[in-house]
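J.: Numbering (this note's numbering), first residue to last: 140 to 390.
Even for Gly, the Cβ is constructed at its ideal location relative to N, Cα and C.
Note that the structure is predicted; figures quoted are calculated from it, not measured.
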Amino acid sequence: MSGERNGATASLEAAREGEVPTHVAVIMDGNGRWARRRALPRSEGHRAGMTAVRETIEGAAEAGVSHLTLYAFSHENWSRPPTEVEALMALLEEYVRSQGEALARHGIRVTVFGDRMRLPEPARLAITELETSTAGGAKLDVHLAISYGARAEIAGVARELARRCVRGELSPEEIDAERFAAELLTRDWPDPDLLIRTSGEQRLSNFLLWQLAYAEIFVTAVLWPDFTREHLFGALVDYRRRERRFGLVET
Ligand code: IPE
Ligand code: IPE
Ligand code: MG
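See below:
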């Protein structure tokens, strides 16, 4: 069994020793199992997961990561029981309201992407306030995927490009990967270099299907509420051992 399955940790010094990925994306999974092991309601797992969010943001800033994308709520998650969805929305609002000031103070700029029109109004307003209050941050860009689904994102791009073709502004021959990517919700950021998924699941769950084409994947068995900055540093150290080939031959 490789180290990362056991939740290898590393120090900040080790994390900063060599090349640090520019963009780290995280599928924050395992809150429900964390709660079940403690005979607690699932919502308590989500609450405990907020500590891991703070740890990861602070750790990424310390290590010198430039972009951190966190998968907080998927399109498919809307189909969970209403009580759980409500608890998640309430927590989201609470997180944004309680952390906004500290995030701004630490130079963290937060942007949210996904179908925000589906969010309840208080959560939507809180998000807009957070984006505004942290807009001046220059240390770390945090992107929260909320009500996000990659297939819908890709279909949306296809729809937009098709509209332009119909209007005569674009010809189908002009559509290539670059032009396509320029319409994605993530168009202003580089693609993730490293994808971390907690709780041992080895799947993408409709997260950034286009953007992760060449990301290095790191799966850890650690459940999200137990994830600390030292686990993040461990993943950064592991990343450095990878040889990224992008389809080319070894040099
Ligand atoms: C991740 O934890 C949080 C969200 C998907 C919102 P889960 O709620 O998926 O926890 P598990 O996977 O059931 O343990
Ligand atoms: C992925 O986790 C979504 C988020 C972490 C927000 P899920 O728990 O929803 O994914 P599946 O159901 O295990 O694929
Ligand atoms: Mg899950």
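For R342, which residues does DSSP report across the bridge?
T.: For R342, which the question treats as bridged, DSSP gives no partner whatsoever.
J.: Under 6 Å Cβ to Cβ from E299, same chain only, skipping five residues before and after it: list those, please.
T.: E322
J.: Please return the same chain residues whose Cβ sits closer than 8 Å to the Cβ of F212, not counting the five positions on each side in sequence.
T.: Scanning its chain for C-beta atoms nearer than 8 Å, with the 5 sequence neighbours on each side dropped, one finds around F212 the residues L227, L231, G253, A284, I285, S286 and Y287, in chain order.
J.: With T195 as the anchor, note down where its alpha helix (DSSP H) starts and where it stops.
T.: R181 to A202
J.: Along the beta strand (DSSP E) that carries F357, what are the first and last residues, could you check?
T.: E355 to V358
J.: Run through the region 243-284 for me and flag every whole alpha helix (DSSP H) of 4 or more residues, listed as ranges in chain order.
T.: 260-272
J.: Which residues in the same chain as L371 place their Cβ atom closer than 6 Å to its Cβ, once the five residues preceding and following it in sequence are excluded?
T.: Answer for L371: T195 and G198, listed in chain order.
J.: Between H185 and ligand 1, is there a pair consisting of the residue's CB and a ligand heavy atom that are separated by less than 7 Å?
T.: At least one heavy atom of ligand 1 is nearer than 7 Å to the Cβ of H185, so yes.
J.: Quick one: residues with CB closer than 7 Å to any heavy atom of ligand 2, in chain order, please.
T.: I166, M167, D168, Y210, A211, F212, S213, E215, N216, E340, R342, S344 and F346
J.: Between S338 and ligand 1, is there a pair consisting of the residue's CB and a ligand heavy atom that are separated by less than 7 Å?
T.: yes
J.: Just verifying my parser: in three-state terms, what is the DSSP assignment at H370?
T.: helix
J.: Under 7 Å from any heavy atom of ligand 3, does the C-beta of G171 make it?
T.: Between ligand 3 and the CB of G171, the shortest heavy atom gap is smaller than 7 Å.
J.: Given 7 Å as the limit, tell me if W363 has its C-beta closer than that to any heavy atom belonging to ligand 1.
T.: yes
J.: Beta strand (DSSP E) containing L300: first to last residue?
T.: Premise fails: L300 lies in the alpha helix (DSSP H), A289 to V305, not in any beta strand (DSSP E).
J.: Taking the beta carbon of L264 as the centre, do at least 16 other beta carbons fall within 10 Å, making it buried, or is it exposed?
T.: exposed
J.: Taking 8 Å as the cut-off, decide whether the C-beta atoms of V159 and V192 are in contact.
T.: no
J.: Looking at the unbroken alpha helix (DSSP H) that takes in A153, where does it start and where does it end?
T.: L151 to R155
J.: Do L264 and ligand 1 come close, with the Cβ less than 7 Å from some heavy atom?
T.: No, the Cβ of L264 stays beyond 7 Å of every heavy atom of ligand 1.
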